[in-house]
Every structure is written in structure tokens, then in C-alpha cells.
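Student: Quick mapping for you: the protein sequence lines, in order, are chains A and B.
The opening residue of the first sequence carries number -2 in the numbering used here; numbering runs sequentially from there.
The opening residue of the second sequence carries number -2 in the numbering used here; numbering runs sequentially from there.
The structure follows.
There are 2 protein chains.
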Amino acid sequence: MSWIVRESGFDPEQIAHHGNKFMVGNGVLGYRGTLEEFGKSELTATIVAGLYDKVGEQWREPVNAPNGLATTVYWEGTPLSVLEAGPRVGAGGGGGGPELVAHEQSLDLRRALHQRRSVFRMADGAEVTMTSERFCSAARSELIVCRLSIESSRDGELTIVTGIDGDVWDINGPHLERMESESDATGEAVSLTAWTQELGLPLTVAEAADIVGEGRGELVREETSICRRFHINSRAGEPVELVKYVAIFSGQDGAPVGDVRTAAVKSAAVARQLGYDRLLREHADRWERKWDASDMTIEGDEEAQLALRYSMYQLHIIAPDRSERVSIPARGLSGQVYKGAVFWDTEMFMLSFFLHTEPEVARNLMMYRVHTLDGAKRKAAEYGYDGAFYAWESQETGDDACTLFNVNDVFTGRPMRTYFRDKQVHISADVAYGIWQYYAFTGDVSLLLDGGAEVAWECAKFFYSYGYFNPRKRRYEILDVTGPDEYHERVNNNAFTNRMVKACLRVAMDAMEILRDRDLRRYEALLAESTVSPDQIRDMHDRLYVPQPDAESGLIEQFDRYYALEDVSLPDLKARMLHPHEYLGGGNGPATTTQILKQADVVLMLHLFKGDYDRSVKQANWAYYEPRTEHGSSLSACIYAMVAADTGSPDWGYPYFMRTATIDLTGESKQYVGDLYIGGTHPAANGGAWMAAILGFAGLRYDGNKAVLRPALPSAWQAMEFPVRLRGGSYRIRVSREEVAIFAQAGNPEPMRLVVGDLELSVAPGHDVCVPYVR
Amino acid sequence: MSWIVRESGFDPEQIAHHGNKFMVGNGVLGYRGTLEEFGKSELTATIVAGLYDKVGEQWREPVNAPNGLATTVYWEGTPLSVLEAGPRVGAGGGGGGPELVAHEQSLDLRRALHQRRSVFRMADGAEVTMTSERFCSAARSELIVCRLSIESSRDGELTIVTGIDGDVWDINGPHLERMESESDATGEAVSLTAWTQELGLPLTVAEAADIVGEGRGELVREETSICRRFHINSRAGEPVELVKYVAIFSGQDGAPVGDVRTAAVKSAAVARQLGYDRLLREHADRWERKWDASDMTIEGDEEAQLALRYSMYQLHIIAPDRSERVSIPARGLSGQVYKGAVFWDTEMFMLSFFLHTEPEVARNLMMYRVHTLDGAKRKAAEYGYDGAFYAWESQETGDDACTLFNVNDVFTGRPMRTYFRDKQVHISADVAYGIWQYYAFTGDVSLLLDGGAEVAWECAKFFYSYGYFNPRKRRYEILDVTGPDEYHERVNNNAFTNRMVKACLRVAMDAMEILRDRDLRRYEALLAESTVSPDQIRDMHDRLYVPQPDAESGLIEQFDRYYALEDVSLPDLKARMLHPHEYLGGGNGPATTTQILKQADVVLMLHLFKGDYDRSVKQANWAYYEPRTEHGSSLSACIYAMVAADTGSPDWGYPYFMRTATIDLTGESKQYVGDLYIGGTHPAANGGAWMAAILGFAGLRYDGNKAVLRPALPSAWQAMEFPVRLRGGSYRIRVSREEVAIFAQAGNPEPMRLVVGDLELSVAPGHDVCVPYVR
């Protein structure tokens, strides 16, 4: 139970949403939850992680590979397509199109299996049922497998056209040119090879398809596709089954086209040899292990239970568990939105999940930042700064894909200058923070030695060159930045940013000390090429201004002179909007001159540095900023949920938690900013939902030394139970309304220090403890 | 010759323009160049310098006093009004309105006398000629005098309704309430008294009118007016003459209403006793002295000659020669545009004229800044800074009248946030610069001792608190400012601003030394209450970053990363405009992301600090910035004219000079920004025209020690001759195409050091020298 996500009926308005909702993926490939008969208009997409292309002066974005699952089935010449079918009511629409009697699309989260079932009533009275299953193999990163079955109530002729369709959806494409189709000597597999425009990288999609007893079919080659056509005499009640084994390889690591093509064709052929059942089994086994490491149970709240699982599912299907060269884009692998770029979302909203459940993935995510350090250095140099200024929108090289104009003005149609790229400097601090988090959670210094310390040091150098000293106030300040609240660009002393910079400077100092102890030569080399000394970094750290809570009200001003802005209510602000997609920020946005914020900013700081602030401060700021937050970003709600739990008001946080956890289930998120489509999946919210549950309601906090548990369960929750990994040890934690229980695995390397309330305990390997707690 | 400005014919489209063009004034009162029969729709206005009012949350602006010249003349019941008259062609329009046979409006610059002559042909065939003269007495600051004469070609009945009309034009009014009309016991004078809304200050307009032999007429009182009606049997060929003596007093200096009213009535009565001719004579005498001190002759260019005189006329009529409590607003006394506020225009564009011709007025202008220091301190404190941050739009208290929203977006109708008030910090440096200029030109330390040194010190303190130290580059920087080029708000290290700040710091140090020597107690008191030491100011001065010319190109970057902006041509930029009044700056303005500038910025710096830069640098920057300048401000053209002359290319500068010098003659200036009306006179351009001629083409430069003359006359100019006053000495300078001649008045206190080319001379009192020069 609570493993199945299902939608019945077909609504063309939901095609884009369901494409996100029913996605499958394996961290290397993402395949949108579209139906077999869909094409580019329905936003089919096969996204290859880390493969980007740029056409002319358009935005650089991920490559959408040719669709290897493209299949159209005809009954007596009439296509079995939900797009052509009329609804059941008002039976048998005009034009002889079939009637859609039943339709269902579902996702089996446990096995990461997409399923579909459609029943068509044809003009001739025949009822034809089409079912399919598909998965993106967790065991073979290049492989997508699909099984399609058609069964009719009468005898009749089925035509199945299946193959690879290179005419794909692109936002700023087309990205692939010079399409070459091939059918191998044995006729077992067909393939389509093409090249990216910018870098000329080859990409091959190979497909081996089987219809038992139907041979190879008839080859149909068009300019951008290669398919086979099967004509089958279908007998009533006897299903016809098509299995497609689709393998995708690219030259993104430098492989020449010959190797790419050969590998793809071979992989498809091998998969066909192994067969559907065996491939599904090895895939499901992998998923069983993922869930063992991460699944949580919520007692008393089925809806939350499913939403949380679903959130974790979304993270698992895009987690780079095989590569440290890619990270997770802001829209996962669901398409080309936001340029397929990696934002701060990864470090701030997704990393926690992996740190607690799959630290190997967390390491990959952070190593991606190490590998893209050169890009960050180039960006800093471009703006005249030292060190590393990480890309606001990072792709495979770390050069910033973020453009200076990101939103079009709905009134004039003109591109609007935004300062995401130039001024959201906290990204470099976020990266350093993430690196240190990995070290704190795992105790593994390898990341620091393999470049992590250097990244932190370069980020600190960047901030030293970005910062200024205020001679009158005798303090360093961070000026002219955009914080998480992007509705207020170019502000001074954004509390969150300054606090993150301070953390970055601290991380740099600590990481450099570790480097000095472990790799003196590298340490000395870094200092030798640096214009800044550790003493200067320390001085900046010690004298950096971080806005503090007001002594009376406890409020922390989001940035200099934030309070001087108009204090309008959110409904009043929205009433001023003249266009539904109007961007609230930018040069003249209605929110810019008001206190309305896009997303948690001060409150995010209170979450990240929760140990530094009293409950009364957290409460005061939550109460102040919550009504002023527009939640224009999907990153916002989970933070409010967590801080509400942290201040002992989980029921205030619960609606925010649910909003976060269901974002990709309901599809209720902003789809447009200006005239820019921003739909897709929301991995940061998926990660945020997990954080809200574990770090918020369960109240788990780990600082590298000890775990603190301060549960605050929402009213409906009787208990929650979940696994975590901390410093190489595996634990199961169960939080009920009265007590906390921890089970430490026998093989754990060391006891865990645990604090619950006033009690501090040690949980030895193989032991468990159970502690009552009082809220 | 070249003393008369004249327009023939009547065009209703030109009413607003002619209201500016034909203004009269005396520095205390400004009366727009409207006709006697005009009312609020034709923008009649009587502006009282320094009297402001604010209604509700609307903009604070000058008070428009009741119109004491309001007069309507009827011939046989038909009004003699250009507004009701048809044109001559198509004779005798419908509805029985008169035909306007001839119409002329003119200004006698020498005597500052407005004249008008209109000939109406009436329906009954009578030709009625109305002539009038008016002046705003230079001798009696409260007085406006008008003489109206009507002569008809036939006998007939004339009705004259004349008095005071309180229903006046207001942009953000009405400002006057509780109107009380009175007729004094003798019936000689009538008056209208009212109170400003914000401060409740009384204002009285009193009028004594004479029509020889017609007695007192019949009193007509309405709610907002008081008039007298005269019925006169007019004889053919015998002019009927009305003289109006209008006196205006207000309680702006604290006088109670009784005193105000009494003074006004008495003044009008006294004026009536003295009579028109005597009043005109004393007025004209004053003007003769003004012209003696300032008039310049241009040989070979009549058009320039008139335009220059006219420019000086405009400055003279608004010069505060009696008060150090007011300065000159950006639109002079021509109305309520720009809130009647004083901008940097005064110090940077008008001060030179007065420094060279009427240093007493220059002192008043700078003492106005001393008197408004408290307002500047309040503004600095409001923003969390030390010292004095002068108002961007200054009124009588020095508090900033500049609003945060100054322009409406033409696309949405919404107010647009601009940063004139917050970020145009150069204003404080401009003020300090002006103070030092006064000292340099006059040698008079009294301004410094009377508060000028304190102003400079407080401005320096402000910049010390505003500035930042860049720890990596080891220098002070001035961040987040708007320079003169308001299309680029919130930039870092604007070259002009940084250079001005450096000058301000220097002025503060030098002024404080003078104060120490002359008034040690005041000096010590200032230091005692200061958080900043002179050493800190010196350190900032010495290590302040000022963008320097590139070693190769000679170019100076206008601000950090200006070169990174799109380098679009001005026509291409204009082609992008979607609305004729679209504001090019602001949050999303089309110019903001390009290199197109509103007005001279770097080039202005090259003018102000011309001694610091090589000719090649000036040439390179002129050539670079000139095509990129939109001249959206009337302050821009004169600067390009001057720097062109300075680099030896006066003919490149000449069109810019003429554009500046004729701006109020032609009316060719921006009338709208967004939906904001910005018409009125342009004193900064008037001052700029003078500067372009004397400092540009004659090439006069005075640094307090010696005068340098580097003439560069435009091709058409054979010679120019003008008086100047320097350090208490009076000189006449004549520049011809080959030589320079200087005549020093016998009473001069000391010889003047003069540099022409390589030659340095001394010109003793009572002597003259004549020096050839080579260009």
C-alpha cells in the first residue's frame, strides 16, 4: 500500500503535468511520463544527464535524445491513440475515431515501473486493450525497456509501427543534426545516430524490438526516424506483445561515433537476449536496495506517506549514483526547462536526503563542484574577482549558463535584465557549505583531499575579493547581492548571504587545516598562488557583519533597509498585478518596492543555523516573514514547514510540508514566469519534503559529532520510522508521539552520541535505545 | 539691436511655451509670460520663491499665488481675448467672436519688460487695439506692474474687469485655502488673502488699479476672486489706460497675517502713488547695472548674441539677489515642475555665471546650502550615514522633496522606482565644490566662516560613512551610486562621482584649515562632535579610487563594467522605443542595459577638472561618449560644447552651444518623461550657454590665483567681449580671432595674473594688456 501513484481517465490538459508526474529515470537517463503514441507536441523527452547543446545565440540546454519508445498501434487502420479517441460519454464521436472506454496511467514506486492501460472501443465494435510497462534500468544506465501488449475482443488486423523518432520536442533546438539511421546486419536492432550542434558530440539511440513470432517486420526509414512496421492478424482474447529494448549512448566522455554506435547497438541486443523479465528483476533488485536505505513510514497519514515516497522516488530516479561529473538539475531530468542547469537547489535542498541515505551520491554531487571549479574561477575572473564564483546555472563545465536576461516583460515583450547570474553570490558559499556537510556527515576526508578543500579556499578567496570593509563601522560587509528572495535584487548585507559567507570562510579555514595536515604540498601550493592569506580570511570571518536579531523584537532584517520598503499585504500586492504571469521581481516588478518576498530567506538562515538562534527569535521571524512570503519558488514552503516544527508548531508547518511533498503529484506550481515556461519536476521540493519530515518533524540534527532528536509530529502522525547513515554507521530511527527509538546496526564502526531532550546517550553498534521525550 | 525677443501671431499650441519664454521675474517673484485675459487653463502663474506647500500625500511644490494681473476687456460686451478670436484669414468667424488682425508678444531684455499688442476686428467693424507692458520690479521685490491700453477705431462701450484671480493652475494643489478678499477703506486697493494648506502660511496679493478719470469702479467679489468692473465710454482714437500695481507678500518668514496683508496693501498703494513711469525707471536702472556687470557682445553671430543675452536674462530674473534663504530651482520660477526644487544644477551649471558677474548672488546661492545643512544632516541620518547628504530636490528646509517614485511607467501606468533621491550622492560633493569655488573666485573667507567650512566637513563625513575600503585592492571606493547619467542607476565607482568625492574631501581639509586659523573654537567644536578625524578624511582622499584614462586608448570607463554593457547606436536604441514618452532609464528602461547615456558624465568630469587631463584624453573621451549620449537632460549639450572648445574643436561644440542657448527660445526640449510634464524654463541650460561661451569659446579658466585664456572661437565669431569679476577686481576681456585684450578697472584691489599660451602676465589695476595668441 502507498506505493502506487495512479491517474484514471485522460485529460489532454494534463499531458504536460503527467509527463512530469509519471517520469522514469536512472540518474543517467530521464524519460518523461508520456504515452507510447505521443510525439513532440506532447513533450516526449529522453534527457541524457550532462549532455548539453547550444544553437546560435539561444539558451544552452540539455539534449533531448530521439525517442526510442515511439510506437503507434493501429486497429484495422485506425490508430489506438488517446489523442484521437473521444470520451466515453456521448459514445463514438464523429470521424470514426475510437472511443476511449477506460484509461489509466500509474507508477509503481517500489519498482520504479511505469504502467498504462487503455481500452478503446473501435468503430467496428471491437474493444481493444493496450497495456504497457516501462522502466529505465537502474542496473544498466543506458537502457530503457518497454513492454506493450494489445488484446482485442474480436479478430482483426493490428499494425504496429515502432522504432526511434528523432523529431523531438526542443525549447531552443533542434540540437541534433545529420541524423543517420541504421539497421544492423542481423536486423535485430535499428539505430539512429546524430550529432549535437555546438560540440559535435555523437549520440546513438539503438532499439531491439521483439514481437514473438513476427520476425523483423518491415523497415520504414524517414529523414529523422527509423521504424519497423508489423502487420499482425490478431485473434480475439490473445494478446500481442511487443518488447522494446532501447539503449542510448553518447560521446560526452569523448568516445568516437563508431564506439558510441557499436555500444548502443550491442547493449540493445544484449538486453534483448536477456529478456524483459530478467531485466526487470535486476532493476527491481536495485530499487529494493534504494528503498532499504531510504524508505520511511508514516503512521496515521496515508496521504503524507505516499507523497513522501513519491518525493524520494523523484530524487532516486535522477540521482547521479554512477558519476561525479554530473549533479542534479533544478528540474531533474524532466526536460530542458531552466537549461537543465544545476542550481544551489542541489546543495541546499537535495543534499540532505543523500547525506542521510546514500552518502556516495552526496559525494558525487559535491565532486561535480570540484570538477567544475575551473568554470567557477573563470566566472570570478570575468567579473574581476579572485577565486571561485560558482555558476548560478551550472552545466557540464561549470561555466555559467545563466543569461543576463531571464524573463520577458509581459507588457512590452522585452527581455528583462535580472541579476541572478551576477549577484546571487551565495552560490559559492552554498557549495563550500555542501562540501563541509559531506565531511561532517561521513567523516570522509577524501572529498576535501580530492579538491574539496581547494574549492572551499577558492570560494573564500572570492568572497574576500567581493567583500568590502566599512571604515566607519569597522566591519566587513557583503554588498550588492541577491539573496534567495530574488524579488529584491542588488541589496546590501542580505542576512542569509552574509551568514553563508561567514560559514564559507570558516569552512575554508577548517578545510585548509585538514589539507595542511594531510597534504602539505598541495596546501602550500594553494597558498603560494593566492593573493590572500589565511589570516586575512580569518580577519574577514571575525569581523564580517551578519545582521542580528533585534534585542526587543527578535526580528532579523532581511537586508539593509528592508523595513523601509512598503509593508503591503500579499493579497493587496496580488491585486495590483495587471497580468497573471507578470513577474513580481526584476526592474519594476510590483514586489520589488515592498516587503513581499519570493521565498524563505531569513527563515532559511534560521533553519541552516538553527543552533545559533533561540526559539523566540525563530518564532518572531517566522511570524513576521510568513505572511510576507509569496512562495514564488518551490523551495520556500519546506523551509517554513521545518522552522515551524523547530519552534514546536508542527501543525503550522504541516500545510507547507504537504504543499512541498505533493508538488509533482498535483502539478500545482507556477508554470510561467513572464512568458517563460518553467514546468517540470521539482527535485528541490522533493528533497525539501524529505527534510521537512526528517529534519523538521522528526527533528533530527546531526553536526558531525552527535545526533540531536527533537521530534514535533503533526497531529495526524502517530509515528514515523526511517533509516539514516551517519559517519559510516546505519541506524533506524522510530519516533512516536511519546518516545524515540534508535536501532544501531551491528556493523557500525563506532557508537553514536545521541541527545534527546536533556538526555545524552551513546548508542553502540548492534544496540538499540528507546527514550521518552517531552515536547 | 539683439535685445528684443518677439513672436508674432497667436498659436494656442504655443501658450505653454510662451509662458516660459516671455517670463518676467525679480528673483522673488516669477510671472509667466501669459496674456492678461488668460486663466488657469493657460497656465498663468505667479511663483513666490521659497514658498512651498504640500497637499495630502501629493508632491510638495511651490505655491502659485492668485493672479493679480487678471484682466478681461470687453468691447460692447464681447471679450477681447486671443482665445476667443478667430484668425485673420477667413475673416470674422462664426459666433460673433472678434477677428485677431494682429498679435505680437515681446520681451525687451534690456529693461526686462514684457510687451504685448493685439488688434481685434469686432463684429461691428470696430478695430480695437490692446497693448500692454509689464515688469516685475527689480527695485521692489514684491511688486509687479502692468499698464494696459485700449484704443478703438470707433466710439463704443468698453468694459474692463480687473482684479485678483485666486483660481489658479496647480499641479498638486490647490495649495491656498480660506480665501478672504478685502477692499480697503479708501477703495484704492483690493486684496486677496489665503493660507497654505501644509504650514498655514498667509499670502496676500494686493492690487491698486488706476484708470484715469474712472474712479474706483464696481466691486465684484466671488469666492476666489476680487475684481472691479469699469464701464467706459470709449472714444475713437483716444486710448483708455489701465495701470495695475500688484504687491505680493507672504508669511514665509513668520509674519502674521495682519502684517502680511497690511504690507501688501500699503505697497500697492505706494506704488500707485509713485506711478508707472517712475517705477519703470527705477526698475530699468537696476537692470542697467545687471547688464553692465554681465552683458557680452558677440561679433559676427547675431543669433548667438541674442540667445546669450536671453540666457542671461533668464538667469537674472530668477537670481536671489536679496536673500540667502533661497536658491534657484531647476525650472526657475516658471511654475511647479520638478517641485520647484533646487538641484545640483545650481552649483554645476548656474554658479559660474554669478561667480564671474555677481559674486553676491553666488554667495547667496551657497549660503542657501549653509542654511539647509540641517535638512542634509537629517537625510544622511535617515539613511544611516554621518554628516550631510544634501537633498536631491531641495526646498526651503533642505529636506529632500525628491520622491522614491518619480516617473510613471507608460505601459502599466504604475509609478516607477527611481534612485535619484537615494543614490545621487554626488550632490553633497557638488555643494562642497560650489562653496570652494566661491572662495576661490572671491577670496572672501566669510562664506567658509559663516558655515561653509562646516558644510564641506559634514559632506566629507558623509562620504567617509558612505565609502568602503576594498581590502584586496587596498583602496576606497564609492559604491552604489547614480551619476549624472541617470539612465544607469546604482553603479559602482562612477568616475565623475568618485572624482567629485575626492574634490569634496580636499575642500573639507582645506576649509577646515582655514577655519582652524580663523575660528579655532568652531573648528574644535566641529571635531569634538565628529566620529571621523581629519586624518581619516585625508586617508580616504589619498587612497580613493578614481577611474583613470586607459594607457592606450585614453578612455575613462564611466563606471565599473560600463564597457560590458551593450554597445548599441543611439538610433538603434530609439528604434526600440515602444512609446514616444517612454522613460529610457529606471528598472527596465531600454537604455539601462546599454552604453547609451542620458547626459555628459565622464565628459563633465573632464570639464570640471580640465587641468588634470591631457587634450588627447579629452578628445578620446569626447569622441567615445558623444555618439552614445542621448542628451535626455538639458544639462548635457553645454558640456559637450565646452569640452569640444577645450580640445580645439569649437565648431564641433557650436551646435551644442546653440542648442543650449536657444532652449527656452525655441521650446525644443523634452516636455514629458513617462506621463510627467517637465516643461518650464531651463536655468541650467541658460547658465550652460554662458559657460560654453566664456569658459568654452573664450577659454577662460580661473583657479583663484591666475586666469588662463585659451580661446577657441567658432568660425562665425569674429570677437567676443565681456566683463568679469575675479577676487574683487573688475575686468573687461575682449577675445578676437588673433588676440586677447584685458582691461583692468582702476579700482581693482590687486593685479591679476594672466596666462595666454606660454605667456604669463600681470595686469595691474587701471591697465590693459593685449596679447596675440596662436590656437
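Ideal placement from N, C-alpha and C gives every residue a C-beta, glycine not left out.
I want to see whether chain B comes within less than 9 Å of A/D383, judged by CB atoms only; does it?
Tutor: Closer than 9 Å to some Cβ of chain B, the Cβ of A/D383 qualifies, so yes.
Student: Answer yes or no: do A/Y463 and A/I475 have a C-beta to C-beta separation smaller than 9 Å?
Tutor: Taking 9 Å as the Cβ cut-off, A/Y463 and A/I475 qualify as a contacting pair.
Student: To the nearest angstrom, report how far apart B/A290 and B/E357 are at their CA atoms.
Tutor: So the two alpha carbons sit approximately 12 Å from each other.
Student: Taking the DSSP output, what are the residues bridged to B/F227?
Tutor: Paired residue(s): B/I157.
Student: Is A/V442 near A/V367, with beta carbons less than 9 Å apart?
Tutor: No, the Cβ-Cβ distance between A/V442 and A/V367 is not below 9 Å.
Student: Excluding the five sequence neighbours on either side, which residues of its own chain have a C-beta within less than 8 Å of the C-beta of A/Y382, listed in chain order?
Tutor: Only F459, S462, Y463 meet the Cβ criterion.
Student: Taking Cβ-Cβ distances below 7 Å as the criterion, which residues of the segment 490 to 511 of chain B are in contact with chain A?
Tutor: Answer set for the segment 490 to 511 of chain B: empty.
Student: To the nearest angstrom, how far is it from the Cα of A/R113 to the Cα of A/P63?
Tutor: Roughly 21 Å separates the two Cα atoms.
Student: Less than 9 Å between the C-beta atoms of B/L575 and B/F408, yes or no?
Tutor: It is a contact, given that the beta carbons lie within the stated cut-off.
Student: So within the segment 618 to 694 of chain B, which uninterrupted alpha helix (DSSP H) runs reach at least 4 residues, ignoring any that extend past its ends?
Tutor: Counting whole runs of 4 or more residues, the segment 618 to 694 of chain B contains the alpha helix (DSSP H) stretches 633 to 643, 647 to 658, 660 to 663, 680 to 688.
Student: Should B/M509 and B/A426 be called a contact, given that it needs their Cβ atoms to be closer than 9 Å?
Tutor: No, these two residues do not count as a Cβ contact at 9 Å.
Student: Just to confirm, is the Cβ distance from B/V812 to B/E204 under 9 Å?
Tutor: Residue 812 of chain B lies beyond the stretch modelled for chain B, which goes from -2 to 772, so this question has no answer here.
Student: Considering only the alpha carbon of each residue, which of A/V614, A/L605, A/V52 lies closest to A/I636?
Tutor: If we check each option's Cα against that of A/I636, A/L605 comes out closest.
Student: Within 9 Å (strictly less), CB to CB, does B/Y49 reach chain A?
Tutor: Answer no: the Cβ-Cβ gap between B/Y49 and chain A never drops below 9 Å.
Student: Could you check how far apart the C-beta atoms of A/D371 and A/G395 are, in whole angstroms? I think they sit under 8 Å.
Tutor: With a Cβ gap of about 6 Å, A/D371 and A/G395 count as contacting.
Student: Is it buried or exposed for B/G608, if we count other Cβ within 10 angstroms and need 16 for buried?
Tutor: Exposed.
Student: Does the beta-carbon distance from B/E101 to B/E4 come in below 9 Å?
Tutor: Their beta carbons are under 9 Å apart, which means B/E101 touches B/E4 by this criterion.
Student: Quick one: residues in its chain with C-beta nearer than 8 Å to the C-beta of B/A136, no 5 flanking neighbours on either side, listed in chain order?
Tutor: The residues are L276, E279, H280, D282, R283.
Student: Using a cut-off of 8 Å between C-beta atoms, extract the partners of A/L541 located in chain B.
Tutor: The contacting residues do not exist; A/L541 stays about 11 Å from chain B at best.
Student: Of all Cβ atoms in chain B, is any one closer than 9 Å to the Cβ of A/Q421?
Tutor: Answer no: the Cβ-Cβ gap between A/Q421 and chain B never drops below 9 Å.
Student: If you measure beta-carbon to beta-carbon, which residues of the segment 464 to 484 of chain A are closer than 9 Å to chain B?
Tutor: The residues in question are G464, Y465, F466, N467, P468, R469, K470, Y473, E474, L476, D477.
Student: Just to check my reading of the structure: B/D105 and B/I1 have Cβ atoms closer than 8 Å, yes? What is that Cβ distance to the nearest angstrom?
Tutor: Confirmed, about 6 Å.
Student: Tell me where the alpha helix (DSSP H) around B/C456 begins and ends.
Tutor: Per DSSP, B/C456 belongs to the alpha helix (DSSP H) from 450 to 463.
Student: Classify A/Y580 as helix, strand or coil using the three-state DSSP reduction.
Tutor: Coil at A/Y580, not helix or strand.
Student: Counting contacts by CB-CB distance shorter than 9 Å, is B/L277 in contact with chain A?
Tutor: Output row for B/L277: interface = no.
Student: Consider the Cβ of B/L66: report whether some Cβ of chain A lies at a distance smaller than 9 Å.
Tutor: Output row for B/L66: interface = no.
Student: Mapping DSSP to helix, strand and coil, what is B/I593?
Tutor: Of the three classes helix, strand and coil, the one that applies to B/I593 here is coil, per DSSP.
Student: CB B/M363 to CB B/L444, shorter than 9 Å?
Tutor: Yes, Cβ-Cβ distance for B/M363 and B/L444 is below 9 Å.
Student: On the three-state DSSP scale, how would you describe B/G91?
Tutor: Since pLDDT at B/G91 reaches only 46, below the 50 mark, its modelled position is unreliable, and the value read off the structure follows with that caveat. Helix, per DSSP.
Student: B/V428: buried (16+ other C-beta within 10 angstroms of its C-beta) or exposed?
Tutor: It counts as buried.
Student: To the nearest angstrom, report how far apart A/M347 and A/G684 are at their CA atoms.
Tutor: Cα to Cα, A/M347 sits roughly 5 Å from A/G684.
Student: Sort B/S646, B/C501, B/S(-1), B/L173 by Cα distance to B/R108 and report the nearest one.
Tutor: Minimum Cα distance to B/R108 is reached at B/S(-1).
Student: Does A/P746 have its Cβ less than 9 Å from a Cβ in chain B?
Tutor: So no, A/P746 is outside the interface.
Student: Give me the Cα-Cα distance between B/Y560 and B/D598, rounded to the nearest whole angstrom.
Tutor: Looking at the two C-alpha atoms, the distance is approximately 14 Å.
Student: Between the Cα of B/D557 and those of B/A301, B/R151, B/F493, spot the shortest distance and give me the residue it belongs to.
Tutor: Measuring from the Cα of B/D557, the nearest candidate turns out to be B/F493.
Student: Apart from the five residues on each side of it in sequence, which residues of its chain come closer than 6 Å, Cβ to Cβ, to B/V478?
Tutor: The residues are K420, V422, N491, T494.
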